[in-house]
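If you read the sequences in order, they're chains X and P. Counting from 1, position 45 in the first sequence corresponds to residue 44 in numbering that gives the first Met the number 0; the numbering is continuous, with no gaps. Counting from 1, position 2 in the second sequence corresponds to residue 1 in numbering that gives the first Met the number 0; the numbering is continuous, with no gaps. All remarks here apply to the structure that follows.
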Amino acid sequence: MSIVVAAEIFAISVGSGVLGSLLGLGGGTLLVPVLTLYLGVPIGQAAGASLVSTIATSSGAASVLLKERMTNIRLGMFLNLATTAGGLTGALVAGYFSSGWIMVIFGLLLLYSALAMFQKRASELPQGVVEHPIAARLGLSGQYSDKSLGQTVDYKVAGVPTGFGVMYLAGVLSGLLGIGSGALKVLGMDVVMRLPMKVSTATSNFMIGVTAAAGVGVYLSQGKIEPATAAPVALGVLLGAMIGSRLVPVLKSSTLRRIFVPVLLLIGAQMVWKGVR
Amino acid sequence: MSHAASNSGAVRRKPLDVEDLLAVVLRWGVFLSGAVILAGFVLLMAAPATGAPAAVTSVPLIWAAARRGDPNGIIMVGLLLLMATPIARVAFAGLSFLIRGERRHVLISAGVFLVLLLGLATGRGHA
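Written out as structure tokens, the structure reads:
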């Protein structure tokens with residue numbers, strides 16, 4: 000690999016890390032098309048790079064988001080039960096489904112969500128949330144200090160069973176399709192569990208690394224993690240995630256929503272495209 | 000005054016915040032893995048491998064390649080460290096919940112850890 004190609008992979012990975020850490024996504028959406036279409040990386044290795052990117056985004060952004068108390072660890076760990084179990088289920092049944100129509104449905108769901116997110120784009124904090132009894136029993140509700148608003152935000156967690164179900168579904172889709180489904184995690188926490196946007200993205204960021212780690216073994220043994228490609232990806236994404244995570248506290252939630260809408264459109268369109276092809 | 004305040008704070012406050020512990024663990028994990036990946040990548044760029052690159056598809060193969068000073072092997076050691084950070088996150092979260100006496104969350108973390116190991120062992124888990 001030439002220095003120039005490595006520099007290109009590094010640069011796109013920095014961008015991917017910034018975006019992923021802002022929105023709680025793994026960054027495969029941006030990375031995989033650029034690697035495969037523009038740089039000619041084989042699809043298997045691009046998928047391996049996407050796995051590395053997801054873990055790098057998650058761990059690179061985590062220390063800042065944890066210190067700022069944006070990440071809800073108790074909620075994230077609880078929901079990780081659903082995503083990891085879903086991931087296993089999805090991988091087990093992967094041989095019995097044609098993934099085409101699942102991708103189309105998932106893609107359409109994301110496109111619809113983009114519309115819903117666009118409609119509530121100005122929303123800063125959720126209002127009138129009633130805490131679910133399970134959230135109360137597990138102590139899942141929390142607070143963080145929002146620098147962009149200059150106030151401490153107390154928040155409650157609603158819709159725990161439905162949210163848990165959405166996370167299980169997100170896990171199944173990951174296992175079935177080999178995608179990160181961070182977008183679905185953020186949407187589940189935002190729409191169903193009614194968390195503040197920053198808590199949703201930070202907690203998703205915390206969770207995606209754990210879900211992805213379950214896939215390391217199989218990617219490794221299949222030779223999908225190619226050092227010359229994965230190294231600039233990991234270094235770039237780590238740097239990007241450190242930058243992005245420092246922007247989260249000072250950006251408004253409504254700004255994050257406005258960035259999220261076109262990204263949802265992109266992921267949704269990619270899914271539909273892959274599904275019908 | 001301040002003494003009394005800090006005393007009452009100490010009574011109410013749990014031994015350590017899970018968030019702060021995990022932040023430290025992850026920061027070190029990220030810096031360590033990043034440094035190893037960078038070192039391997041600099042070597043790779045400085046002296047491109049001649050002939051077929053060594054197979055690095057399992058932990059023993061990676062370790063053997065790294066010990067020979069193969070840049071690909073060194074990069075993969077760094078990547079393995081990076082990919083271990085989420086597993087460390089679950090383990091340390093469980094540990095700090097244990098120290099804080101949050102039994103339910105210890106069980107939840109243990110459950111996640113178990114499913115994670117199951118996924119790694121069967122090689123069926125996915126991103």
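Just so it is clear, CB atoms sit at the ideal spot from N, CA and C, and this is done for glycine as well.
The region 191-202 of chain X and the region 230-240 of chain X do not touch, with fewer than three beta-carbon pairs separated by less than 8 angstroms. Not one beta carbon of chain X lies nearer than 8 angstroms to the beta carbon of P59/P. Distances from the CA of L137/X to each of M76/X, L114/X and A230/X were compared; the closest alpha carbon is that of M76/X. For a Cβ distance threshold of 7 angstroms, residue set L234 of chain X lies close to L37/P, ordered along the chain. Contact annotation: L139/X and L74/X have beta-carbon atoms nearer than 8 angstroms. Around the CB of F112/P, 16 or more other CB atoms lie within 10 Å, so the residue is classed as buried. Residue environment analysis places G68/P among the exposed positions, since fewer than 16 neighbouring C-beta atoms fall within 10 angstroms of its C-beta.
Scanning A45/X, G19/X and P248/X for the CA closest to the CA of G222/X turns up A45/X. At a cut-off of 8 angstroms, the C-beta of L219/X has a neighbouring C-beta in chain P.
For the region 73-101 of chain P, the beta-carbon criterion of a distance under 7 angstroms to any beta-carbon of chain X is satisfied by I74, M75, L78, L81, M82, T84, P85, I86, R88, V89 and A92.
Residue contact check for R67/P against chain X: no CB pair falls below 8 angstroms. Scanning chain P for C-beta atoms nearer than 9 angstroms to the C-beta of V51/X yields L78, L81 and M82, reported in chain order. Residues of chain P with a Cβ closer than 8 angstroms to the Cβ of P125/X do not exist, since the nearest Cβ in that chain sits about 22 angstroms away.
Ranked by how close their Cα comes to the Cα of A55/X, the residues A53/P, G39/P, L42/P and L31/P have L31/P in first place.
C-alpha of I11/X to C-alpha of L43/P: approximately 20 angstroms in a straight line. Where T228/X is concerned, the enclosing alpha helix (DSSP H) starts and stops at P226 to L246.
Contact of S97/X with chain P by beta-carbon distance below 9 angstroms is absent, the smallest such distance being about 17 angstroms. Ranked by how close their Cα comes to the Cα of V190/X, the residues F163/X, L172/X and A213/X have F163/X in first place. Here I42/X is exposed: its Cβ has fewer than 16 other Cβ atoms, across all protein chains shown, within 10 Å. When C-beta atoms of the region 115-135 of chain X are compared with those of the region 149-159 of chain X, three or more pairs fall below 8 angstroms, so the two segments count as touching. The criterion of a C-beta distance shorter than 8 angstroms is satisfied by V247/X and M69/X. Annotated three-state conformation of Q269/X is helix, per DSSP. When secondary structure is reduced to three states using DSSP, T70/X falls in the coil class, being assigned neither helix nor strand. If the five residues before and after G208/X are omitted, its C-beta is found closer than 7 angstroms to the C-beta atoms of T53, I54, S57 and S58, all from its own chain and listed in chain order.
G158/X is bridged by DSSP to nothing; it lacks a bridge partner.
Relative to the Cα of G86/X, the nearest Cα in the group K273/X, L186/X, A211/X and G216/X belongs to A211/X.
At a C-beta separation below 8 angstroms, V185/X has no neighbours in chain P, since its nearest C-beta there lies roughly 16 angstroms away.
Collapsing the DSSP output to three states places S173/X in a helix. In its chain, beyond the 5 residues on either side, A113 have a beta carbon closer than 6 angstroms to the beta carbon of L264/X. Close to I8/X, with beta-carbon spacing below 8 angstroms, lies no residue of chain P; the smallest spacing is near 11 angstroms. By the beta-carbon neighbour count (other beta carbons within 10 angstroms, threshold 16), P231/X is buried. In this structure, S15/X places its C-beta atom within 8 angstroms of the C-beta atom of L30/X. Between V55/P and M75/P a beta carbon distance of about 5 angstroms is seen, short of the 8 angstroms cut, so the two are scored as contacting. Cβ neighbours of A90/X within its own chain (closer than 6 angstroms, five residues either side excluded): G174. Contact check for R120/X and S253/X: beta-carbon distance about 6 angstroms, within the 8 angstroms limit, so the pair qualifies.
Chain X places no beta carbon closer than 8 angstroms to that of L15/P, leaving this residue out of the contacts.
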